[in-house]
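Enquirer: Chains as they are written, first to last, in my numbering: chain A, 7 to 505; chain B, 7 to 505. Ideal Cβ placement from N, Cα and C applies to all residues, glycine included. All values reported here derive from a predicted model rather than from experimental measurement. Following this message is one structure expressed as structure tokens.
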């Protein structure tokens, strides 16, 4: 049965239990794993590792992944206290809670920086890579499953490799992946992608078979997350974006088939992309990070010809749809290392239209994507910076209020900056769209307040702006004593509104 | 005499006075010009244009340049009120003053975004390009002078082109330039640079001779700026950086000849680079924006083999040295369009070590490069973001205090964010160096306070941090009511110190 899963006889002797494999991991080690969103991450070995700590062993490790991963890794290793340091992104409620309690050291990084940080040695030695694989090839290459993430760089740089062969992942995924690993500077060559459909690498992660220290067979399925239903606000936001893109085509600023689209992770991003099913656009391509349910709709509707990403991130229903029709979707999808899916070089060259979600946006166009009220880590910046900075057009979406109207997503000054005024072209809420290109800060403020803020907050935003404009400096007027007062008021009273 | 300057007979009839050429410019036009720093910018036509307004004509235009330019352009057009809108960078005292008084609409942009904004049509129609040239070739191509900047894209997209042939610029500059203009997406190809020395284009800016509407002959020299003497603080900062780079080489994280260096504009950046003359490093290369005096020292010392930039930005003394020895320096220098010198693709591929200056840095590693006390525009972000984000290593330098100690350059929260915690690897002041790679925000804060803050401010920074850590959220603890209080205190009392 494992013949097609482990295609080298000499490696079959490496098959061990998850518990035995986990024993390779020692206190103080740095572990890099596969996984990007709850897709394609190792499961059995992290669970076995957590168990050791639960049974009383003192063990702490640093974990580097592609992005967020499922509960078997982030959840189990946080609850057991094994995970002491975490790079570069997470969404798990236990790890988030540990971060915000100051118990888990977390560095929130641009995802495109992670593979090269591993490769340059900036994280120190990578002791062990744990990689979920569909199969191991004759050459010892590891065929990834539902994501690629940082796995190629983890395997390249780790001293030892543990492979989790996951039999719940269908062999039909073979051929979906395209693995290309750039050299380190000064030997890097141009990445030869000029269209999202271009395949430039191998279908497996190259791996010296000598480095494979253990192989674990498991069938634990990806713990995919539900996607919220497409609500009225998302439909409105999607509608404004489509109108804007149509206008750009009409003005000759975009080709009629647009340019490759990137859309962030989660329900709103899924809904925004999904809106294109009803649009007039044809022959679209996507050069993005994650392939969510809406992409399957777009492929089925014949709207999208190719979707390039680093992971499939479907809902449970979407996962079933993907796996039941994998031959169909595999023709239209490519999974790449995050070094390539999020690479500034390729994003700039292709002219990607980047669409990401904001926690809050300020009147001058700065965006907070990570820290609620300045200090509370939500998830992390993820790939939003990789795409935003190097995009043809960078679009941020947010619903104009949160907490039943007690929080305005448009504020005088954001409480944490992840994307600066220099990077944000367009802001969209369910209220409308503000095109910020070519505007001075004070012009921008008026557009954002008028077009994007909730009516309940427009007057007090204008009041802030006008009073700030009475100060000495008129380029980007702020009142230092009041700029963050809306957040302070929320923390004190539970509402940003003025009673 | 002009035979070698205008190499097409049919264009000699286009020679007119600066006043006649300026008459092509009408109220409401958008003008894109050559020039990057006070080098290679048009001078005679802007002066003639300013004169029209000074004589009573109502005329207002939008000006797009490579970066800052000399007083004949930014100063004259600001004083005369002709310049209504300005992209993407400036350093002129008159334009800065107009911006801060709210009289000049200014958008502070990443320089690498400017050529493509011109090319994509995001600025609207470019009515006229004004380009300073050394000569016009047989093909109608324009050979640039001491900078390239956005000139190639200006010429490509403008309806009409005015060429200022500047006879003060020596013909020996011919051959220094390498002009390559990427296609618009979706037709972009990889930029074929794999080493700073690579030449990939033409020695002139291609131009349809039909578009050349006027040629003006002038001999007004570049108004170069003095570079400050190399002071003790700069020497210390440079020393810490060299020690750090040596350590990285020793740890195997950098090749022994390092990787291409970028250093920002101005006296401190010049001094930091200049420190390398005394270092043990050899065979260095630079892939940077501007070539300042220190580069000539490094070339003469045999330390730097090639320097690629988009402008020569010497002091008056440096300019004389350059022009007197142009044959020598031309062998080691290449001037490229800013689309190439600042291109994310090339910066990422080459693995550039980016060194830029900060106005202030906060305890979590966010950097303010533009707005003093949150609202007062200094110059702009320039190319610092292009290099920082896509660099192998991003280093920020600042002296730990300003205003005779009344301002700390290390603050609880910066009053404006231009570079985020996700982008900054290393912070250096005359006090020391903080390596932020792999650190959580609270670890970062302790390193920055201990290594970089001035001793007079360390205790109150630690006090802020410790009180913030008593709050509910421990990832990146801030007190919203107090985060910007240091700036508020300075604005109220003239000092950030607590009396």
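1) Are any of the Cβ atoms in chain B nearer than 9 Å to that of residue 107/A?
2) Any C-beta of chain B within less than 9 Å: which residues of the segment 346-361 of chain A qualify?
3) Can you list, in chain order, the residues of the segment 303-315 of chain A whose Cβ is nearer than 8 Å to any Cβ on chain B?
4) If we require 4 or more residues per run, which alpha helix (DSSP H) segments fall completely within the segment 248-311 of chain B?
5) Quick check: what's the CA-CA separation for residue 173/A versus residue 140/A?
6) 9 Å is my cut-off, CB to CB: does residue 281/B come that close to chain A?
7) Any Cβ of chain A within less than 9 Å of the Cβ of residue 301/B?
8) With DSSP as the reference, label residue 432/A as helix, strand or coil.
9) In the DSSP assignment, find the unbroken alpha helix (DSSP H) run with residue 479/A in it and report its ends.
10) To the nearest angstrom, report how far apart residue 236/B and residue 277/B are at their CA atoms.
11) Residues of the segment 106-129 of chain B in Cβ contact with chain A at a cutoff of 7 Å, in chain order, please.
12) Return the chain-ordered list of same chain residues with a C-beta closer than 7 Å to the C-beta of residue 419/A, the five sequence neighbours on each side being excluded.
13) Chain A partners of residue 423/B, CB-CB under 8 Å?
14) Please identify the residue among 243/A, 39/A and 320/A whose C-alpha is closest to the C-alpha of residue 335/A.
15) Can you tell me whether residue 34/B is buried or exposed, with buried defined as 16 or more other CB within 10 angstroms of its CB?
16) Hey, could you find the ends of the beta strand (DSSP E) residue 39/A is sitting in?
17) Apart from the five residues on each side of it in sequence, which residues of its chain come closer than 8 Å, Cβ to Cβ, to residue 480/A?
18) Note down, one range per segment and in chain order, each beta strand (DSSP E) of at least 3 residues found wholly within the segment 87-115 of chain B.
19) Evaluate the contact criterion for the segment 33-48 of chain B versus the segment 122-131 of chain B: three or more CB pairs, one atom per stretch, below 8 Å.
20) To the nearest angstrom, how far is the alpha carbon of residue 181/B from that of residue 371/B?
21) Just list the residues that DSSP pairs residue 315/A with in beta bridges.
22) What residue from 496/B, 45/B and 178/B has the CA that sits closest to residue 408/B's CA?
23) Under the rule that 16 or more other beta-carbon atoms within 10 Å means buried, what is residue 60/A, buried or exposed?
24) Run down chain B in chain order and give the residues with a C-beta less than 8 Å from the C-beta of residue 489/A.
25) Would you kindly work out how many angstroms separate the C-alpha atoms of residue 548/B and residue 160/A, rounded to a whole number?
26) How far does the alpha helix (DSSP H) with residue 332/A in it extend, from its first residue to its last?
27) What are the boundary residues of the beta strand (DSSP E) that residue 502/A is part of?
28) Are three or more beta carbon pairs between the segment 191-208 of chain A and the segment 268-284 of chain B nearer than 8 Å?
29) Out of curiosity, what's the CA-to-CA distance linking residue 493/A and residue 383/A?
30) Kindly give me the distance between the Cβ atoms of residue 390/B and residue 406/B, rounded to whole angstroms, as I take these residues to be in contact under 8 Å.
31) Residues of the segment 53-82 of chain A in Cβ contact with chain B at a cutoff of 9 Å, in chain order, please.
32) Report, in whole angstroms, the separation of the C-beta atoms of residue 423/A and residue 423/B, which I expect to be a contact under 8 Å.
33) Note down the Cα distance separating residue 428/B from residue 116/A, rounded to an integer number of angstroms.
34) When you compare the CB of residue 474/B with every CB in chain A, is at least one pair closer than 9 Å?
35) Starting from the beta carbon of residue 479/B, find every residue of chain A whose beta carbon is closer than 7 Å, and list them in chain order.
36) If I follow the unbroken alpha helix (DSSP H) through residue 394/A, where does it start and stop?
Expert: Taking the structure as given:
1) If you number the first chain from 1, residue 107/A lands on position 101. Output row for residue 107/A: interface = yes.
2) Correct list: 349, 350, 351, 352, 353, 354, 355, 356, 357 and 358.
3) For the segment 303-315 of chain A, which is checked against every Cβ of chain B, not one residue is closer than 8 Å.
4) Within the segment 248-311 of chain B, the complete alpha helix (DSSP H) segments at least 4 residues long are 273-280 and 299-306, listed from N- to C-terminus.
5) Along the first chain, read from residue 1 onward, the residue named residue 173/A stands at position 167. Along the first chain, read from residue 1 onward, the residue named residue 140/A stands at position 134. So the two alpha carbons sit approximately 7 Å from each other.
6) Looking up residue 281/B in the second chain gives position 275. Closer than 9 Å: no.
7) For the purposes of this step, residue 301/B is identified with residue 295 of the second chain, where counting begins at 1. Not one chain A Cβ lies under 9 Å of residue 301/B.
8) Here residue 432/A refers to the residue found at position 426 when the first chain is read from its first residue. Assignment of residue 432/A by DSSP, reduced to helix, strand and coil, places it in the strand class.
9) Position 473 of the first chain holds residue 479/A. That residue, residue 479/A, is in no alpha helix (DSSP H); it is neither H nor E in DSSP.
10) Your numbering for residue 236/B matches position 230 in the second chain. Your numbering for residue 277/B matches position 271 in the second chain. One Cα belongs to residue 236/B, the other to residue 277/B, and the distance between them is close to 6 Å.
11) So the close ones are 106, 107, 108, 111, 112, 113, 114, 115, 116, 126, 127, 128 and 129.
12) Taking the first chain and counting its residues from 1, one reaches residue 419/A at position 413. If we look at residue 419/A and ignore the five residues flanking it on each side, its Cβ neighbours are 368, 484, 489 and 490.
13) As a first step, residue 423/B must be located in the second chain, where it is residue number 417. Those are 372, 423 and 426, listed as they occur along chain A.
14) Residue mapping note: residue 335/A aligns to position 329 of the first chain, counting from 1. Closest by alpha carbon: 320/A.
15) Here the question's residue 34/B lines up with position 28 in the second chain. Result: exposed.
16) Translated into the one-based positions of the first chain, residue 39/A becomes position 33. From DSSP, the beta strand (DSSP E) with residue 39/A extends over 36-39.
17) Counting from 1 along the first chain, the entry for residue 480/A is found at position 474. Excluding residues within five positions, the ones whose Cβ falls inside 8 Å are 448.
18) Listed in chain order, the beta strand (DSSP E) runs fully inside the segment 87-115 of chain B are 89-93, counting runs of at least 3 residues.
19) Cβ pair count under 8 Å is three or more, so yes.
20) Against the second chain, residue 181/B aligns to sequence position 175. Against the second chain, residue 371/B aligns to sequence position 365. So the two alpha carbons sit approximately 42 Å from each other.
21) What you label residue 315/A is simply residue 309 of the first chain in a count that begins at 1. For residue 315/A, DSSP records a beta bridge to 341/A.
22) By one-based count along the second chain, residue 408/B stands at place 402. Restricting attention to 496/B, 45/B and 178/B, the CA atom closest to the CA of residue 408/B is found in 496/B.
23) Locating residue 60/A in the first chain gives position 54, where the first residue counts as 1. Result: exposed.
24) Within the first chain, residue 489/A is the residue found at index 483, counting from 1. Near residue 489/A (Cβ distances below 8 Å), the residues of chain B are 380 and 490.
25) Residue numbering for chain B in the displayed model covers 7 to 505; residue 548/B lies beyond these limits and cannot be assessed.
26) Reading the first chain from its first residue, position 326 is the one you call residue 332/A. Annotation for residue 332/A: the continuous alpha helix (DSSP H) segment containing it runs 332-336.
27) Taking the first chain and counting its residues from 1, one reaches residue 502/A at position 496. No beta strand (DSSP E) holds residue 502/A; DSSP gives it neither H nor E.
28) Result no; under three Cβ-Cβ pairs closer than 8 Å.
29) For this step, residue 493/A is matched to residue 487 along the first chain. For this step, residue 383/A is matched to residue 377 along the first chain. Roughly 15 Å separates the two Cα atoms.
30) Locating residue 390/B in the second chain gives position 384, where the first residue counts as 1. Locating residue 406/B in the second chain gives position 400, where the first residue counts as 1. Actually they do not touch by this definition, with Cβ atoms about 19 Å apart.
31) Those would be 68, in chain order.
32) Within the first chain, the letter at position 417 stands for residue 423/A. Within the second chain, the letter at position 417 stands for residue 423/B. The beta-carbon distance between residue 423/A and residue 423/B, rounded to whole angstroms, is 4 Å. This is short enough to meet the 8 Å contact definition.
33) Residue numbering aside, residue 428/B sits at position 422 when the second chain is read from its first letter. Residue numbering aside, residue 116/A sits at position 110 when the first chain is read from its first letter. One C-alpha to the other measures close to 6 Å.
34) Translated into the one-based positions of the second chain, residue 474/B becomes position 468. Residue contact check for residue 474/B against chain A: a CB pair falls below 9 Å.
35) In the second chain, the residue the question calls residue 479/B occupies position 473. Listed by position along chain A, the residues whose Cβ is nearer than 7 Å to that of residue 479/B are 106, 381 and 382.
36) If you number the first chain from 1, residue 394/A lands on position 388. From DSSP, the alpha helix (DSSP H) with residue 394/A extends over 390-396.
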